[in-house]
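*Asks:* Be aware that the sequence shown starts at 783, since it is given in this note's numbering, and climbs by one per residue.
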Amino acid sequence: MKKSASILSVLLALSMMAAPVLAQEAAAPAPETKPAVEAAPAADAKPAAEAKAGDSKIPETLTKAYEKMTANVTFSMEVKTKMNGQEFVSKTKAYFKDAKHYRMDSEVAGQKTRMVVDGEIAWNYMEAANMIMTMPVPPSPTDLKKDIEYVEGKDGENVTYTFTDAATKMKVVSTVNPKDMLMVKMNTFNEKGELVSEMTYSDWKFEAVDDSTFKKPEGAQEMKMPEQPAPTK
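#1: Between F996 and H883, which are expected to be in contact by the criterion C-beta below 8 Å, what is the C-beta distance as a whole number of angstroms?
#2: Got a sec? Which residues, its chain only, sit under 7 Å from K862 by beta carbon, not counting five neighbours each side?
#3: So the candidates are T874, I903, K953; which of them puts its Cα closest to the Cα of A891?
#4: Apart from the five residues on each side of it in sequence, which residues of its chain come closer than 7 Å, Cβ to Cβ, to P918?
#5: P811 by DSSP, collapsed to three states: which one?
#6: What do you reckon, are the CB atoms on T957 and D937 nearer than 7 Å?
#7: Quick check on E849: does DSSP put it in helix, strand or coil?
#8: Within 10 Å of its beta-carbon, does F945 have 16 or more other beta-carbons around it, so buried, or fewer, so exposed?
#9: Does DSSP put E989 in a helix, a strand or coil?
#10: Which residues does DSSP pair with R857 in a beta bridge?
#11: Which one of V898, P920, E889 has the shortest CA to CA distance from A910?
#12: Report yes if the CB atom of V955 is closer than 7 Å to the CB atom of N940, and no otherwise.
#13: What span of residues does the beta strand (DSSP E) with S994 cover, start to end?
#14: Just to check my reading of the structure: M859 and Y943 have Cβ atoms closer than 8 Å, yes? What is that Cβ distance to the nearest angstrom?
#15: Quick one: what does DSSP say E842 is sitting in, helix, strand or coil?
Structure (structure tokens):
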């Protein structure tokens, strides 16, 4: 296994983009329930040979795919997620100027939300309530864990990268088309190997994303996300 100091944080952030929408649809934060068992990673995904000790280089194919999906591009995502014993399907349109300036418009069960990260500012917009809730800016890809490992494999003509969090044993399997260096799909598994979410990508358009994309809707009520209490010792 090869160690990656950064990419899993990026992948987990992307895989959880639909979480605010799904949580609202569920009407309450999800308790600690066991997600339904789904298919495990593809059996024909063949891991590559282990890297030499100390080799922490992020795979070039995945690095290029990440760069392409975060620089003046729009694309669509469909996410299937299990929550509270139900399956939710959300559809998201993403607009990336760069890794620190992007917007995600999501819809699930008719409910529409928008998440925007604009440099040092981040907020969610709930269309039905015409409300904006500011939130902490997600971690930069440079603020990363050091205990992430990955295994490279194959899924047909595509390349797969399986990332495992050493602490939680959570896995993210990213599939990349090496010909055009684009993300194909991303699956998230819990510590038992059960599929938690499945994300597929489509409708790639490479064009400049204007700053007006990140403006707040006029007339919306603004609130701050409640701060989390400090952990007790």
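Glycine included, C-beta positions come from ideal geometry on N, C-alpha and C.
*Replies:* Taking the coordinates as given:
#1: In the sequence shown, residue 996 corresponds to position 214, counting from 1. In the sequence shown, residue 883 corresponds to position 101, counting from 1. The Cβ separation is near 6 Å, so the contact holds.
#2: Walking along the sequence shown from the start, residue 862 turns up at place 80. Short of 7 Å from the beta carbon of K862, and not among the five residues preceding or following it, lie these beta carbons of its own chain, in chain order: E869, V871, S979, E980.
#3: As a first step, residue 891 must be located in the sequence shown, where it is residue number 109. Ranking the options by Cα distance to A891, first place goes to T874.
#4: Counting from one through the sequence shown, the residue named residue 918 turns up at place 136. Closer than 7 Å at the Cβ level, and outside the excluded window around P918, lie A904.
#5: By 1-based counting over the sequence shown, the position of residue 811 is 29. Note that P811 scores a pLDDT of 39, beneath 50, so its modelled location is shaky and nothing firm can be said.
#6: Locating residue 957 in the sequence shown gives position 175, counting from the first residue. Locating residue 937 in the sequence shown gives position 155, counting from the first residue. Yes, Cβ-Cβ distance for T957 and D937 is below 7 Å.
#7: In the sequence shown, counting from the first residue as 1, residue 849 sits at position 67. Note: E849 maps to helix in three-state DSSP.
#8: Sequence index remark: in the sequence shown, residue 945 carries index 163 (1-based). By the neighbour-count rule (16 or more Cβ atoms within 10 Å), F945 is buried.
#9: Taking the sequence shown and counting its residues from 1, the one referred to as residue 989 is at position 207. In the structure shown, E989 sits in coil (DSSP, three-state: anything other than H, G, I, E or B).
#10: Translated into positions along the sequence shown, residue 857 becomes position 75. The amino acid occupying residue 857 in the given sequence is Phe; Arg does not appear at that position. BP columns for F857 point to A876.
#11: Reading the sequence shown from its first residue, position 128 is the one you call residue 910. Of all alpha-carbon atoms in V898, P920, E889, the one lying nearest the alpha-carbon of A910 is that of E889.
#12: Numbered from 1 along the sequence shown, position 173 holds the residue referred to as residue 955. Numbered from 1 along the sequence shown, position 158 holds the residue referred to as residue 940. No, Cβ-Cβ distance for V955 and N940 is not below 7 Å.
#13: Within the sequence shown, the letter at position 212 stands for residue 994. Neither: S994 is in no beta strand (DSSP E) and is coded neither H nor E.
#14: For the purposes of this step, residue 859 is taken as residue 77 along the sequence shown, with counting starting at 1. For the purposes of this step, residue 943 is taken as residue 161 along the sequence shown, with counting starting at 1. Between Y943 and M859 the Cβ distance is about 18 Å, and since that is not below 8 Å, they are no contact.
#15: Here residue 842 is taken as the residue at index 60 of the sequence shown, counted from 1. Looking at E842 - three-state DSSP - the assignment turns out to be helix.
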